[in-house]
Structures are given as C-alpha cells and as structure tokens.
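Those letters in the sequence shown? Residues -24 to -1, 1 to 90, per mature numbering (1 follows the signal peptide of the UniProt record, and there is no 0), in order. Glycine residues also receive a C-beta, built at the ideal position from the N, C-alpha and C atoms. To start, the structure under review is shown below, and the notes come after it.
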Amino acid sequence: MKVLLKIVGLLFLLPLMSSFQSKKQYGPDDYLYGVLDTSGRYEKYGYQDKQGKMVIPFGKYYMCFTDTIKTIGFVAIPKQGFWAINKNDEKLFRVVPFGNGPDYVRNGLFRIFY
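What follows is the structure, given as structure tokens:
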C-alpha cells in the first residue's frame, strides 16, 4: 500500500516538476524573429524563435523596432523609454530617443544612457 501511495504521489508531482524548468538560454547562433498581431484594435509585437515558439509574448513591449534579434533588439516600454534587450529578454541599457524611435545606428554606433 505504501509503495502504491509513493507511485501515485510521484506521478502527481512529475508534471509539476516539469513546469519549473528554467527558461531556454539563447546562444550566438540563435535568432529571434519579430511577429506582429493585427487582429485587435491595436498592433501587438512579440518575438519567436526559429521553431515558432513565442519567446517574448505579444504585448509585453509597446513597440518593437528590430525585426530580427541577433545580438540586441530595440523596444519601447511605456513611461521608461527605448531599451535594448537581448535574446533572453533581459534589459541591457536605455537608448537615446531620436525622432519617433530609438537613436539611429551609424557606423555601428548609437547613443545610450548609462
């Protein structure tokens, strides 16, 4: 009887343990591709990997300015401004605004706040 209870308990805990797996870390050969949801009243931006898995869900960022993230991407966050993020959805630094978006990249350089 005790063995049966242990087996049932293990079968119950197994799906819970799989949900606590850490997020996938994307390496230098991985890319994220921008996707746009236009089904609602407002456009929603997100990013997916090459398998089609949503890595950065729709609506997390107000606007995305980079269509493919190889190393960094530029996004807009309400009341925080423009930010550079990496493929693992970590904020890296704020980007100086210019016109209606982040600063333009010229000769591989752009202005940031630190």
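- At the C-beta level, LYS55 and ILE61 stay beyond 7 Å of one another.
- Around the beta carbon of PHE50, 16 or more other beta carbons sit within 10 angstroms, so the residue counts as buried.
- For the pair VAL31 and ASP13, the Cα-to-Cα distance works out to about 15 Å.
- Where LYS46 is concerned, there is no enclosing beta strand (DSSP E), because DSSP gives it neither an H nor an E.
- Cβ contact annotation for PHE69 (same chain, cutoff 6 Å, sequence separation greater than five): ALA60, ILE88, in chain order.
- Across the structure, GLY75 and ASP6 are spaced so that their CA atoms are roughly 31 Å apart.
- With respect to the 7 Å criterion, TYR21 and TYR37 are classified as neighbours on the basis of their beta carbons.
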